[in-house]
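Note that this note's numbering has the sequence shown beginning at 5, numbered continuously upward.
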Amino acid sequence: MADTASRSMIRTQGRKAYAAFGGRPSGTRHPLVAAAMVLPLATLLVVVFGGWEAVVTQASSVGVMLGR
């Protein structure tokens, strides 16, 4: 029981500290932060699986479509 109470108190203090430094509510994330989290993994997958040509082809297709 004491273990649960101490964990709860630590979580509450962490949330207060996060909110004090301008933290966002749980469940929201700025799109640039999300992109910064995803891009390294996406780059790794492209290198490992050799999909660079497919990425270039898709980007080119999107560029042509937007240019119309």
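Backbone N, C-alpha and C define an ideal beta-carbon position, used for all residues, glycine too.
Note that this is a predicted model, so its numbers are computed, not measured.
Check your understanding: Does DSSP classify G67 as helix, strand or coil?
Key -> For the purposes of this step, residue 67 is identified with residue 63 of the sequence shown, where counting begins at 1. Assignment of G67 by DSSP, reduced to helix, strand and coil, places it in the helix class.
Practice item. To the nearest angstrom, report how far apart I14 and V60 are at their CA atoms. Key: The residue you call residue 14 lines up with position 10 of the sequence shown. The residue you call residue 60 lines up with position 56 of the sequence shown. Their backbone Cα atoms lie some 48 Å apart in a straight line.
Review point. Which value, in whole angstroms, describes the spacing of the CA atoms of R33 and V42?
Key: For the purposes of this step, residue 33 is taken as residue 29 along the sequence shown, with counting starting at 1. For the purposes of this step, residue 42 is taken as residue 38 along the sequence shown, with counting starting at 1. Each residue's CA atom was taken as its position, placing R33 and V42 some 13 Å apart.
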